[in-house]
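Colleague: What follows is a structure written as structure tokens; I'll ask about it next.
2 protein chains.
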Amino acid sequence: MDHIPPLRIDGLQYANWSEKIFGQLRAGGVDAIHVTIAYHESFRETVLNFERWNRWFEQYPDLIMKGLWASDIDRARTTGRTAVFFGFQNPSPMEDDIGLIEILHTLGARFMQLTYNNQSLLATGCYEEYDAGITRMGRQVIAEMNRVGLVIDMSHSGDRSTIEAAEMSTRPITITHANPHAWHPALRNKRDEVIRAVTSRGGMLGFSLYPHHLKGGTACTLESFCQMIADAAAAYGADRLGIGTDLCQDQPDSVVEWMRVGRWSKQIDYGEGSAAMPGFPPMPSWFQDNRDFGTIEQGLRDVGMTDHEVAGIMGGNWYRFFAENFGGQP
Amino acid sequence: MDHIPPLRIDGLQYANWSEKIFGQLRAGGVDAIHVTIAYHESFRETVLNFERWNRWFEQYPDLIMKGLWASDIDRARTTGRTAVFFGFQNPSPMEDDIGLIEILHTLGARFMQLTYNNQSLLATGCYEEYDAGITRMGRQVIAEMNRVGLVIDMSHSGDRSTIEAAEMSTRPITITHANPHAWHPALRNKRDEVIRAVTSRGGMLGFSLYPHHLKGGTACTLESFCQMIADAAAAYGADRLGIGTDLCQDQPDSVVEWMRVGRWSKQIDYGEGSAAMPGFPPMPSWFQDNRDFGTIEQGLRDVGMTDHEVAGIMGGNWYRFFAENFGGQP
């Protein structure tokens, strides 16, 4: 290893963005992030979110830049900035219009979940009782996403839908933010056969720091988290793994309620929370914000992973995945 | 001159697009066209028009390609295709949202008229009785268009609005399709001081073949048209001039009615036509469609223009203008 620090790429965040957080991304040496810009938004509402980011790029040109291609990460690194890539946790931005997939890709979208917890037009969410798999429209959408280079993300989908998507897609797919169910049996964490369906076809799993996904929740230890990653590397290959913190920094609890309920229900749905714990759970002490990526990096070394493996998991693997999957079908 | 034919670029068309017309663009050696994709469309409707073009690019990859930058014209030429650049004849696609300017530019918009005949939120159209000039919002929009590289087109604007736009804009502006009023005093043709305000600041005038803009209408002679161009070259400089045919090939008359009336009136408005001649007028015999660009090229030589001047007017000047004005403010 020379003196250039390894790439640091976060596979998912949904912070309440501010100059403070952009500064923390720089302080943490984060070269690129995938940020969620739609949970339940319509096309027009999603465009407003692209507009908001355009203003931030104009306001903070020394801290952040728009990310469209892996090569933008090189440019961000050279100029001391963080490249911001966009994604959706629901297919709501494309509404019922397959033509919007290319439009949204042109605007900068690079990831789209086929479902967010519930049944969508495309597939079944992980909170539904029965998963009927990829729909008729879902098959069309997968092919179009493959064609233009919009990456399929199944983080919030059911097992059957996820496995079918991995099989149907002609390009590798992702679970950007979840952990192995075997380590912590949360509903959102993924069973072995699901992770294997994704990673065995070149897809990626990003490890989540969202406390509901962690063994012991907020009290999860760095060592347990890093050992879980080392075990996953042994099972699925270290080069199929990355980080996807799911960091929702500085968000008020009203936002987690919006994430869960959107406009689809008049009743409260606690999702991974509960009536006793309806809001965002506190993050683990060793990962409070973007300045703590070095702690994870050191933690991975401390459980015996090689420098090469650590460099891949901290960013090199996402970089390769971005480079291969954000453009038109080869 | 070597054996590479001069560039051919058309500064405005609104045809009823088909494989036949795409083939005629190739037969006519047209390297690039600016096509109108909105007259009265809202943002969402304009996106549907972008989507329709995406399908055509997918269907006819050997004939056409999306044009974003002047360098795409080189690529089109090398690969024997026509590069298609997009524009709006009305600011309706940006609605009342200045953030949509950058969004539309990202999607590929490169020209936007501040008005289409009527008063808009931004400026006054050429059919209004009184032209109050650029509005408060218009000033903001001009600055934002300048910033992102969306070219201001005043073809359908009033004289005062056009002159003010030319003065306020920090980048050159255009009249993509009109002729000198002195040659043919149609309402849509432009007075000397208007053309001068645009061309003296590096802007461009594209000469229209729409019969209502021609001396003698459909019966206008090639020689008269070309002599008018030669005279304009003497008055404004040959390098500020191009072609903007306004070709509306294969459109039914219902389309010219839509162009004129949109949704803004319940009454018929004949625009440049009349109750006796409500539809599209027939094109001159010497310019029926895209295969006839060579006829104009020869006509310009026949009135004594130099090869260098002709090459500029047929495409070289638009190329230079595209190269300088489609990107972010230098």
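Heads up: the protein sequence lines correspond to chains C and E, in order. Going by numbering that gives the first Met the number 0, the first residue of the first sequence is number 0, and it counts up by one from there. Going by numbering that gives the first Met the number 0, the first residue of the second sequence is number 0, and it counts up by one from there. Glycine included, every Cβ here is placed at the ideal spot set by N, Cα and C.
1) Tell me which residues of the region 51–77 of chain C have at least one Cβ-Cβ distance to chain E shorter than 9 Å, keeping chain order.
2) Spatial neighbours of tryptophan 285 of chain E within its chain, please: C-beta separation below 6 Å, excluding the five flanking residues on both sides.
3) Can you give me the C-alpha to C-alpha distance between arginine 187 of chain C and valine 147 of chain E, rounded to a whole angstrom?
4) Among the residues of its own chain, which have a CB less than 6 Å from the CB of glycine 27 of chain E, if the five just before and after it don't count?
5) Does glycine 327 of chain E pass the burial test, meaning 16 or more other C-beta atoms within 10 Å, or should it be called exposed?
6) Could you check whether the Cβ of leucine 106 of chain E sits closer than 8 Å to any Cβ belonging to chain C?
7) Could you name the residues of the region 79–91 of chain E whose beta carbon sits closer than 8 Å to any beta carbon of chain C, in the order they occur along the chain?
8) If we call anything under 8 Å between Cβ atoms a contact, is threonine 175 of chain C one with leucine 11 of chain C?
9) Is there a Cβ from chain E that is less than 8 Å from the Cβ of aspartate 101 of chain C?
10) If the cut-off is 9 Å on Cβ atoms, which residues from the region 33–52 of chain E count as contacting chain C, listed in chain order?
11) Less than 8 Å between CB atoms is the rule here; does glycine 98 of chain E satisfy it with respect to chain C?
12) Between which two residues does the alpha helix (DSSP H) holding lysine 19 of chain C run?
13) Helix or strand or just coil, what does DSSP make of methionine 0 of chain E?
14) Opposite glycine 241 of chain E in the DSSP bridges: which residues?
15) To which residues of the same chain is tryptophan 182 of chain E closer than 6 Å at the C-beta, ignoring the five residues directly before and after it?
16) For isoleucine 102 of chain C, report the span of its alpha helix (DSSP H) as first-last.
17) Quick one: what's got a C-beta closer than 7 Å to serine 154 of chain C's C-beta in the same chain, skipping five residues either side?
18) Please determine, among C:Ala164, C:Phe279, C:Pro179, the residue with the shortest C-alpha to C-alpha distance to aspartate 249 of chain C.
19) Give every residue of the same chain whose Cβ lies closer than 6 Å to the Cβ of methionine 313 of chain E, excluding the five residues on either side of it in the sequence, and list them in chain order.
20) For the putative contact between aspartate 30 of chain C and arginine 74 of chain C, defined by C-beta atoms under 8 Å, what is the C-beta separation to the nearest angstrom?
21) Measuring CA to CA, which of C:Val150, C:Ile3, C:Ala122 is closest to arginine 138 of chain C?
22) Buried or exposed: which applies to lysine 265 of chain C, given that a residue is buried once 16 or more other Cβ atoms fall within 10 Å of its Cβ?
23) In angstroms, rounded to a whole number, what distance separates the CA positions of glycine 311 of chain C and threonine 114 of chain C?
24) Taking aspartate 96 of chain E as the reference, give the member of C:Ile162, C:Glu271, C:Glu50 with the closest Cα.
25) Check the DSSP bridge columns for isoleucine 174 of chain E and list the partner residues they point to.
26) Who are the Cβ neighbours of methionine 0 of chain C in its own chain at under 6 Å, not counting the five residues just before and after it?
27) Could you name the residues of the same chain whose beta carbon sits closer than 7 Å to that of aspartate 158 of chain E, not counting the 5 residues immediately before and after it, in chain order?
28) Beta carbon of arginine 80 of chain C, beta carbon of leucine 62 of chain C: below 8 Å?
29) How many Å lie between alanine 82 of chain E and glutamine 88 of chain E at the Cα?
30) If you follow the beta strand (DSSP E) that glycine 86 of chain C is part of, which residue opens it and which one closes it?
31) Report buried or exposed for isoleucine 162 of chain C, applying the criterion of at least 16 other Cβ atoms within 10 angstroms of its Cβ.
32) Between E:Leu208, E:Ser207, E:Cys225, E:Ile172, which lies nearest to arginine 200 of chain E when the distance is taken from Cα to Cα?
33) Using DSSP's beta-bridge definition, name the partner residues of leucine 246 of chain E.
34) How many Å lie between isoleucine 242 of chain C and leucine 106 of chain C at the Cα?
Modeller: On the basis of the data shown:
1) Correct list: Arg51, Asn53, Arg54, Glu57.
2) Your numbering for residue 285 of chain E matches position 286 in the second sequence. Within the same chain, and ignoring the five residues on either side of tryptophan 285 of chain E in sequence, the residues whose Cβ sits closer than 6 Å to its Cβ are Leu221, Thr294.
3) Position 188 of the first sequence holds residue 187 of chain C. Position 148 of the second sequence holds residue 147 of chain E. The C-alpha of arginine 187 of chain C lies about 42 Å from the C-alpha of valine 147 of chain E.
4) Locating residue 27 of chain E in the second sequence gives position 28, where the first residue counts as 1. Shown here for glycine 27 of chain E: same chain residues with a beta carbon closer than 6 Å to its own, the five before and five after excluded, namely Asn289, Arg290, Phe292 in chain order.
5) Here residue 327 of chain E refers to the residue found at position 328 of the second sequence. By the neighbour-count rule (16 or more Cβ atoms within 10 Å), glycine 327 of chain E is not buried but exposed.
6) Locating residue 106 of chain E in the second sequence gives position 107, where the first residue counts as 1. Interface residue, yes.
7) Answer set for the region 79–91 of chain E: empty.
8) Stepping through the first sequence from its first residue, residue 175 of chain C is reached at position 176. Stepping through the first sequence from its first residue, residue 11 of chain C is reached at position 12. Closer than 8 Å, so yes.
9) Working through the first sequence from its first residue, we reach residue 101 of chain C at position 102. Checking the displayed sequence, the identity of residue 101 of chain C turns out to be glutamate instead of aspartate. It does: the Cβ of glutamate 101 of chain C has a partner Cβ on chain E nearer than 8 Å.
10) Taking 9 Å as the cut-off between beta carbons, the residues of the region 33–52 of chain E near chain C are Phe42, Arg43, Val46, Leu47, Phe49, Glu50, Arg51, in sequence order.
11) Within the second sequence, the letter at position 99 stands for residue 98 of chain E. Using a Cβ-Cβ cut-off of 8 Å, glycine 98 of chain E counts as an interface residue toward chain C, since at least one Cβ of chain C sits closer than that to its own.
12) Along the first sequence, one-based indexing puts residue 19 of chain C at 20. DSSP places lysine 19 of chain C inside the alpha helix (DSSP H), whose first and last residues are 18–26.
13) Taking the second sequence and counting its residues from 1, one reaches residue 0 of chain E at position 1. Any reading at methionine 0 of chain E is ruled out, since the residue's pLDDT is 45, under 50, leaving its predicted position unreliable.
14) Locating residue 241 of chain E in the second sequence gives position 242, counting from the first residue. Glycine 241 of chain E has E:Gly205 as its beta-bridge partners, per DSSP.
15) Taking the first residue of the second sequence as 1, we reach residue 182 of chain E at position 183. Taken in chain order, the residues that qualify are Lys214, Met227.
16) Along the first sequence, read from residue 1 onward, the residue named residue 102 of chain C stands at position 103. Element bounds for isoleucine 102 of chain C: 99–106.
17) Reading the first sequence from its first residue, position 155 is the one you call residue 154 of chain C. Shown here for serine 154 of chain C: same chain residues with a beta carbon closer than 7 Å to its own, the five before and five after excluded, namely Gln112, Ile174, Thr175, His176, Ala177 in chain order.
18) Counting from 1 along the first sequence, the entry for residue 249 of chain C is found at position 250. Comparing C-alpha distances from aspartate 249 of chain C to each of C:Ala164, C:Phe279, C:Pro179 shows the shortest one belongs to C:Phe279.
19) In the second sequence, the residue the question calls residue 313 of chain E occupies position 314. Here the set comprises Pro5, Arg7, Glu296.
20) If you number the first sequence from 1, residue 30 of chain C lands on position 31. If you number the first sequence from 1, residue 74 of chain C lands on position 75. 10 Å between Cβ atoms; not a contact.
21) For the purposes of this step, residue 138 of chain C is taken as residue 139 along the first sequence, with counting starting at 1. When each option's Cα is compared against that of arginine 138 of chain C, the closest is C:Ala122.
22) What you label residue 265 of chain C is simply residue 266 of the first sequence in a count that begins at 1. So lysine 265 of chain C counts as exposed.
23) Working through the first sequence from its first residue, we reach residue 311 of chain C at position 312. Working through the first sequence from its first residue, we reach residue 114 of chain C at position 115. When rounded, the separation of the alpha-carbon atoms in glycine 311 of chain C and threonine 114 of chain C is 28 Å.
24) The residue you call residue 96 of chain E lines up with position 97 of the second sequence. Looking at C:Ile162, C:Glu271, C:Glu50, the one whose alpha-carbon comes closest to that of aspartate 96 of chain E is C:Glu50.
25) Against the second sequence, residue 174 of chain E aligns to sequence position 175. In DSSP, isoleucine 174 of chain E forms a bridge with E:Leu204.
26) For the purposes of this step, residue 0 of chain C is taken as residue 1 along the first sequence, with counting starting at 1. In this prediction, methionine 0 of chain C has a pLDDT of 44, which is less than 50 and means its spatial position is unreliable; nothing more can be read from the coordinates.
27) For the purposes of this step, residue 158 of chain E is taken as the residue at position 159 of the second sequence. Cβ-Cβ distances below 7 Å link aspartate 158 of chain E to Asp130, Arg190, Val193 in the same chain, with the five nearest sequence neighbours on each side left out; the list follows chain order.
28) One-based indexing of the first sequence puts residue 80 of chain C at position 81. One-based indexing of the first sequence puts residue 62 of chain C at position 63. In contact: arginine 80 of chain C and leucine 62 of chain C (Cβ atoms closer than 8 Å).
29) Translated into positions along the second sequence, residue 82 of chain E becomes position 83. Translated into positions along the second sequence, residue 88 of chain E becomes position 89. If I take the Cα positions, the gap works out to 19 Å.
30) In the first sequence, the residue the question calls residue 86 of chain C occupies position 87. Boundaries of the beta strand (DSSP E) around glycine 86 of chain C: 81–87.
31) As a first step, residue 162 of chain C must be located in the first sequence, where it is residue number 163. The C-beta of isoleucine 162 of chain C has 16 or more other C-beta atoms within 10 Å across all chains shown, which makes the residue buried.
32) Translated into positions along the second sequence, residue 200 of chain E becomes position 201. Closest in alpha carbon position to arginine 200 of chain E, among E:Leu208, E:Ser207, E:Cys225, E:Ile172, is E:Ile172.
33) Mapped onto the second sequence, residue 246 of chain E falls at position 247. As DSSP reads the structure, leucine 246 of chain E sits in a beta bridge with E:Gln12.
34) Against the first sequence, residue 242 of chain C aligns to sequence position 243. Against the first sequence, residue 106 of chain C aligns to sequence position 107. When rounded, the distance between both Cα atoms is 25 Å.
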